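Under the working numbering, the first residue of the sequence shown carries the number 90, and numbering increases by one thereafter.
Where is the CB? At the ideal position from N, CA and C, for every residue including glycine.
All values reported here derive from a predicted model rather than from experimental measurement.
First the structure, in the form of structure tokens, and then the observations on it.
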Amino acid sequence: MYFDTVGRATRYRIADAVVAGLFGLSALWAQGTSGQIVGRVTDPSGAAVAGAELSVQNVETGISRKGKSTAAGAYAFPSLPPGNYRLTAAKEGFRPEARTGIALAVDQAARIDIELVVGALTQEVQVTAAAPMLDQESSALGQIVDNRKIQNIPLNGRSAFRLVTLTPGILTSPSSAGQFGDIPVNTNFDTNFSINGGRQMSNEVHIDGVPSTTGQFNTITTIPSIEATQEFKVQSNNLSAEWGRFSGGVVNVSTRSGTNEWHGSVYEYMRNNVFDANEFFNKTSGRETPPFRMNQYGGAVGAPLSLGKLYSGRNRTFFFTDYQGTRWRRGDVFRTALPTALQRQGNFTETRTQTGAPVIIYDPQTTGPNPANPAQSIRAPFAGNILPASRIDPIARKLMDFYPQPNAAGDPFTQFNNYVNNASRRIDGDQISGRIDHNFSSAFRTFGRFATNKTSLTQPDSYGNVATPDPGAVGTTPFRQTTFALDNVVNTTPTSIFNIKYGFARWYQTRQTRSYGFDARTLGMPDSLVRQFQIPVFPATTVEQYGSLGGQSFFVSGNDTQSLIGSWTKVAGKHTIKAGAEGRLQRVNFILIGGGSGTYNFTRVFTRGPNPLVFTDNAGSGAASLLLGNPAGGAAPFLSGMSLQNLYSGAYVQDDFRITAKLTMNIGIRYETESPFTERYNSINFFNANAPSPVRNSQFPNLNGALEFASPASRHVWNWDRLNFAPRLGFAWSVLPRTVVRFGAGLFFAPAETSNVATAFAANSGYAASTPLVGTLDGGLTPFNTLANPFPDGILRPTGNGLGSSTFLGQAPAVWDSRQRMPETYQWNFDVQRELPGRILVDVAYAGSRGVHLAFRNRQMNELDPQYLSLGTGLNQLVTNPFFGSITAGALAQRTVARRQLLLPYPQYTGVNVVNMTNANSIYHSMQIKLDKRFSNGFSVLFAGTFAKLITDANNQVAAIGGGANVAGTQNWY
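Printed below as a string of structure tokens:
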């Protein structure tokens, strides 16, 4: 629920009073995502008045446009910038009539019918026209968030996108409140919301009429500041054919421009832990409120663009510019378990469980058959629960030295949580935008807008050295976003308009990691191995039950979207026909290398017992496994970057047919297609389950399954879904003078999914290699590769397409799904609007949607058939490897292999991970209630409520960062 009291709200804006005196604050308006004023001119008998001369003028700029009523008396002024308007109508033999106070919102169709009274042209009738509350022109659902709400509702972090929740049918995730709950550091998070059952990250976001999203996560680039945002509209169901490429809805943002008057503001918003109450747990532990500082400051100014006596921009040329700076500091409590002084020496005599029972450390070198039960294995504990000094790996000892000393008492018995750090996380941001509007004549106007945002995020250094774990391992991450828009509107005739727009959006991020440049030879790793690592960083080491060492990844990502949009609008009789086309070129460039010097995972598996395959709380330690140099697993990656590109195109025809004064039909058809992504160097592939395997042998004579690659002759690795026609149908019927019934239904196509690959960065097998650290060949009974020699066969390099179908044998390739389709969403709604006395709007709607061919994160194709689960521990039995000699990587390069491996559908691979599948579905039903009360004195009340049910067989959040669904079920897909 939203309450707005203009003039009474405390703004905490330091300089408003001063600036108001200097500049004269006034209502601002924007040119961009446009609205329209439509209606019908009649005489007192209700007959149509044809050929009436109409004019509409923007009050703030003085710019006007002219038009004529058709033979049916209809008129329309499309492509009007949001603002306050004055409408006049005149016809020989009638008194001219003027309507003032028309507040036109973004993407609004304001219906203003005019009745001309017989009289002289010199006798003008003036009527103050309030903004219409009922939508009599469209069947689409949505909500306008006007400038008053944006300016006066408290917004932690000052992102207007937090107000999308004022729209019924919006479902947000915690991350949509910003990456850290306030500041929009990574703009991915601020657009992470679902509209009427559609996918999160699958909505259209337009700023001033052009897309502001990029292909990697389909997320917004720059978010206009509060000062630069005039208003926005969330269109949530059954949009016209003009709109496409989404599964939920569209957010249209209109930015401010200058007017004939100078206007501006200066502000400073401050938060400080001095003003915050301390929380319960801090009080009980005797800690003070964590340090916190947040300052957001800036200013904005808009005016006519004038050059002294040389040129005056009044009524013609305007500018608007703004700057916002952000400085944010927060002390984050980092708590973890570090090995104690005794444990670092190999002494586990004081290691306890949560109940105080001793934790026994078992010797992996003593593993053998249990004399009492030869079918099981048994281990002997270390004497005195102390590791002999001769058994401690020298590399592990140096890794231990990078742990800081415990600085807290820790939990009873276990001594976990014995390290606490309160290092600072820092955010520095600078955002600037500028806009120039120019009107060549009443028939031709243009504007250009530029915005850039530079933000850097520095994660806390929790250990105070290069081995700091996540998130501190990131170090400083710069974000750079840029957008540009150019819009041209030409009135070719009094009843037709041509509009062409160009948009550019860029999202760029780098992450070098704090330990970049670390020389692993200082740990004792051999030079022959270190020289094979791709990135010189601290080895990413995880230790079960204890804090990690190192982490994160080297990352560079640059994404561009260029858009060209054209439309033509014609008013003909009772029809307003709009036709247009759109083209987008998307480029997604990235490289991510996780664990550039290898990842090493130490668990309790090699130090537990007496039965090594049975887990108990009082046996084994990850720290002991580390000291012994026995990793349970790990990997050494070597990846190539990817440079992806695709083309999106759409074309449409929309007819808003005013059949009668009470009934309007919305009829449209849209065609759209999005090409499969191609890679600049053809460095992509797919898995062909029917291709003969190159390692067929006597045991597997009919073995199938192999990778196939893109080539100059065939650059796509999935089918191009071309035949995508999306019909739209709806009506708005004024059944009573203050009651409108609306219905609509349509088909919508969503964007091709890339965030799966962008998150995993793995669907380029052959151009990305990962050498597995094979910790064991027998399910954890005995160690195999050790920390002293983790990759005895060297580190694999990407082979490209040089090995053909032999690529990635013995490994787990990640490949694109070759059968992708454009995701589809069917939407429908039934809506009743009623205007009650006192300008109260009650809107009750049913909205539903059905999603098919939706993007699904991953599917593991190489699953063990459930019929073999009855073998139990026999699945781990080592048997002769029929691929020995043919496969040279991983466990399949050994003479023996676990029986389970040979029972997989594709035994020549340890896994086959298919990403970007489009076989998920969803169904959504909702009842949406909205009450909107507007007062002339500036007070308004908005209530929006949604009762909804969503059913989906995939995670609704195909998220920008993390999340997603990985499927490895035991039921066959059908």
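For S646, the enclosing beta strand (DSSP E) begins and ends at 642–661. The region 734–751 makes no contact with the region 683–690: fewer than 3 CB pairs, one atom from each, lie closer than 8 Å. Taking C-beta separations shorter than 8 Å and ignoring five residues to either side along the sequence, the partners of G561 in its chain run F423, A512, Q548, P549, D550, S551, Y552, R603, following chain order.
Nearest Cα to A1009 within the set A944, S782, F491: A944. Membership of A574 in the beta strand (DSSP E) is indicated by the continuous run 565–582. Counting only runs of 3 or more residues that sit fully inside the region 322–353, the beta strand (DSSP E) segments are 339–344, in chain order. For the pair of segments examined, the region 650–669 was found not to touch the region 832–842: the number of CB pairs separated by less than 8 Å stays below three.
Put simply, the backbone Cα of P463 is about 36 Å away from that of R785. DSSP, reduced to helix, strand and coil, places S782 outside both helices and strands of the structure shown, so it counts as coil. Residue F536 holds the alpha-carbon nearest to the alpha-carbon of D297 among F627, F536, Y451, R188.
By the beta-carbon neighbour count (other beta carbons within 10 angstroms, threshold 16), L825 is exposed. Among the bridge pairs identified by DSSP, R360 is matched with M383.
S343 sits close to E320, with the two beta carbons spaced by under 8 Å. The beta carbon of V509 lies closer than 6 Å to those of R424, A497 in the same chain, with the five residues before and after it left out. Counting along the chain, R989 sits inside no beta strand (DSSP E); it lies in the alpha helix (DSSP H) bounded by residues 988–991.
A residue is called buried when at least 16 other Cβ atoms come within 10 angstroms of its Cβ; S1011 meets this threshold and is buried. R524 sits in a strand when the DSSP states are folded into three classes. Between I516 and V363, the C-beta gap is not smaller than 8 Å, which leaves the two residues out of contact. Taking C-beta atoms as the reference points, A392 and W332 fail to come closer than 8 Å. Going by C-alpha positions, T261 is about 14 Å away from G338. In this structure, the beta-carbon distance from T753 to A839 does not fall below 8 Å. Using a 10 angstroms sphere on the CB of Y400, the tally of other CB atoms stays under 16, which defines it as exposed.
Taking C-alpha positions only, P994 is separated from A799 by approximately 25 Å. In the DSSP assignment, D490 falls within the alpha helix (DSSP H) that extends over 483–490.
Counting along the chain, L431 sits inside the alpha helix (DSSP H) bounded by residues 430–433. Between Q225 and G347, the alpha-carbon positions lie close to 31 Å from each other. Membership of A594 in the beta strand (DSSP E) is indicated by the continuous run 585–600. The alpha-carbon of G397 is positioned some 22 Å away from that of A389. Here Y915 carries a strand assignment [DSSP, helix/strand/coil]. With distances taken between CA atoms, Y451 lies nearest to S714 out of S714, L488, R416. Bounds of the alpha helix (DSSP H) holding R237 are 236–241. In terms of Cα proximity to L546, the closest of R418, S466, F505, A629 is R418.
In the DSSP assignment, G156 falls outside any alpha helix (DSSP H) and within the unbroken beta strand (DSSP E) covering 153–157. Cβ-Cβ separation between S144 and S153: approximately 5 Å, consistent with a contact (criterion under 8 Å). Contact check for G698 and A708: beta-carbon distance about 6 Å, within the 8 Å limit, so the pair qualifies.
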